[in-house]
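Numbering that gives the first Met the number 0 numbers the first residue of the sequence shown as 0 and each following residue consecutively. Idealized CB from N, CA, C, for every residue including glycine. Since the model is a prediction, treat every value here as computed from it, not as a measurement. In what follows, a single structure is set out as structure tokens and then discussed.
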Amino acid sequence: MVFKKSYQWIFYRFLEGIFLVFLGLPRLLPPDIFRRVSMPLLSFLISFLVPRRRIVKNLGAAFGEVYSEASKKGLAKGVQEHFVRNLVECFLQVAQPDHVRKTVTVQGIEHLDAALAKGNGVIALGAHIGNFVLVGARLGVEGYPFHTLFRIPSDPRIGTIICNYLPPRLHQRVIPSRPRRAAVRQILSALKRNEIVFILGDNLKKGKVQTLFFGQRVFSPRGPVSLALRSGAAVVPLYLIRNYQGGMELIIEPEICLTRNGRLSEDITQNTRHIVGYLENLIRRYPDQWNWLTVRMRSYQKEMVTSSNR
0 MVFKKSYQWI FYRFLEGIFL VFLGLPRLLP PDIFRRVSMP LLSFLISFLV
50 PRRRIVKNLG AAFGEVYSEA SKKGLAKGVQ EHFVRNLVEC FLQVAQPDHV
100 RKTVTVQGIE HLDAALAKGN GVIALGAHIG NFVLVGARLG VEGYPFHTLF
150 RIPSDPRIGT IICNYLPPRL HQRVIPSRPR RAAVRQILSA LKRNEIVFIL
200 GDNLKKGKVQ TLFFGQRVFS PRGPVSLALR SGAAVVPLYL IRNYQGGMEL
250 IIEPEICLTR NGRLSEDITQ NTRHIVGYLE NLIRRYPDQW NWLTVRMRSY
300 QKEMVTSSNR
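As structure tokens, then:
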């Protein structure tokens, strides 16, 4: 226990130091030069912390024989490169609060406006895909009231950075996911004011609804669906990806219409499975932009359950 706490303290101080260094550089350097300087350094750091073989293993567990070994290695390289680019853009945004307005285009804003027009708030359904950190920044800079549900690290200094320093520069507010009851109260309050709450729906480590994700049985959190059914909020998928031309694009899709059969437990299960299926399809469209760095997939199951059984 003592060793674990010491390791965590050292790791958090390391992260804090990296953050402060890369926060200061874009204040001194033009964006193009900052990118050229920071990308090799961050690439080395990420490759050291998360070996490419781990990403290849995760891809193999998820896709099986869909991709050749060479293709999986190419995808893994792309995953690392996208992750580094996303970090660089986040540092630029923190240093230059208007950065996203100039670098991120928006597609489908009418879907968000239509959902807000209903007056019950919006649960913005996201995933660890693309530059999800800048989703709120891009909408917040346009004046949309935006909140992000976020798990705050236990380290108080890192927590202060996330809760107090970053939100104004990212044009959004943070709702800590713990304690859970307080988080639910804050979310429902924001939705009642017809505001936007961003929830990542691919946190599949803990949950109560059994679903299928890349053919593997996982227990998914029921939070997004449960909150939407309780509040009447619209569920609107959105994600910020890097397109094939190299530019960043925030894509807002039409509202997901939830089924309501009058039996809350069944409604939560059915809609949660539908959302997890949607997220899997999204990841399959952009396999090199999902966070395969930290997720740990189980070994690929040859006897996979088909999507029709969701």
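Three-state class that DSSP yields for residue i in the structure shown
i	result
Arg100	helix
Trp291	coil
Thr305	Note that Thr305 has pLDDT 45, beneath the 50 cutoff, so the model's placement of it is unreliable and the number below is only indicative. Coil, per DSSP.
Val65	coil
Tyr164	helix
Ser37	helix
Gln300	Residue placement at Gln300 is flagged as unreliable, the pLDDT there being 46, under the threshold of 50; the coordinate-derived value follows with that caveat. Three-state DSSP puts Gln300 in coil, outside helix and strand.
Ser153	coil
Gln95	coil
Arg12	helix
Pro236	strand
Glu194	coil
Leu169	coil
Ala126	coil
Leu115	helix
Ile45	helix
Arg53	helix
Lys3	helix
Arg229	helix
Gln244	coil
Arg216	strand
Backbone CA spacing between residue i and residue j [nearest angstrom]
i	j	result
Leu203	Asp112	29 Å
Leu263	Thr271	12 Å
Ile9	Ile157	12 Å
Ile186	Ile174	8 Å
Ile255	Pro223	12 Å
Gly139	Pro178	25 Å
His273	His81	27 Å
Thr104	Phe2	46 Å
Ser225	Lys4	35 Å
Val294	Gln7	19 Å
Gly73	Ser67	10 Å
Asp31	Val49	26 Å
Ser188	Ala233	15 Å
Ile282	Asp201	10 Å
Arg51	His110	38 Å
Arg26	Gln244	27 Å
Glu315	Ile108	Nothing about residue 315 can be read from this structure; the chain reaches only from 0 to 309.
Ile45	Pro39	10 Å
Ala182	Lys205	17 Å
Ala69	Leu169	38 Å
Phe18	Gly261	48 Å
Arg180	Phe43	40 Å
Arg35	Gly23	15 Å
Of the listed residues the options, nearest to residue i (C-alpha basis)
i	options	result
Arg172	Arg184, Val183, Ile195, Arg180	Ile195
Ile208	Gly200, Pro220, Leu199, Asp201	Checking the displayed sequence, the identity of residue 208 turns out to be Val instead of Ile. Checked all of Gly200, Pro220, Leu199, Asp201; the closest Cα to Val208 is Pro220.
Gly129	Lys3, Val294, Gln288	Gln288
Arg216	Ile250, Ala233, Ala181, Gly276	Gly276
Arg150	Leu199, Ala94, Lys76, Ala232	Leu199
Tyr285	Pro152, Gly246, Asn242	Asn242
Phe132	Ala61, Leu165, Ser67	One point to set straight first is that residue 132 is Val, not Phe, in the sequence displayed. When only C-alpha atoms are compared, the closest one is Leu165.
Arg184	Leu148, Phe62, Lys205	Leu148
Ser230	Phe197, Phe218, Leu190	Leu190
His127	Arg180, Phe197, Val99	Phe197
Cβ shell of residue i (< 7 Å), same chain only, five flanking positions each side left out
i	result
Phe21	Ser37, Phe90
Val304	With a pLDDT of 44 at Val304, under the threshold of 50, the modelled position of this residue cannot be trusted; read the value that follows with caution. Closer than 7 Å at the Cβ level, and outside the excluded window around Val304, lie Leu211, Gly214.
Trp291	Ile54, Asn57, Leu58, Val78
Tyr143	Ile195
Leu115	Val121, Asn193
Ala75	Arg51, Ile54, Val55, Leu58
Glu279	Phe212, Phe213
Ser176	Leu148, Phe149, Arg150, Ala182
Own chain residues within Cβ distance below 8 Å of residue i, not counting five before or after
i	result
Leu228	Leu257, Arg259, Leu263, Asp266, Ile267, Asn270
Tyr11	Pro152, Asp154, Arg156, Ile157
Ser307	Because the pLDDT at Ser307 is just 39, under 50, the model does not fix this residue reliably, and the value given afterwards should be weighed accordingly. Once the five neighbours on either side are set aside, Ser307 has no close Cβ partner at all.
Glu15	Arg156, Ile157, Ile160
Gln106	Glu248, Leu249, Ile250, Ile251
Phe218	Leu203, Lys205, Gly206, Lys207, Val208, Gln209, Thr210
Cβ shell of residue i (< 6 Å), same chain only, five flanking positions each side left out
i	result
Phe145	Gly135, Leu138, Gly139, Gln171, Ile195
Cys162	Val173
Met296	Asn57, Ala60, Ala61
Arg100	Val140
When the Cβ atoms of the stretch 116 to 125 are set against those of the stretch 233 to 245, are three or more pairs found closer than 8 Å? yes
Per the contact definition of three or more C-beta pairs closer than 8 Å, is the stretch 142 to 159 in contact with the stretch 82 to 97? no
Take every Cβ of the stretch 91 to 98, pair it with every Cβ of the stretch 242 to 251, and state whether three or more of those distances are shorter than 8 Å. no
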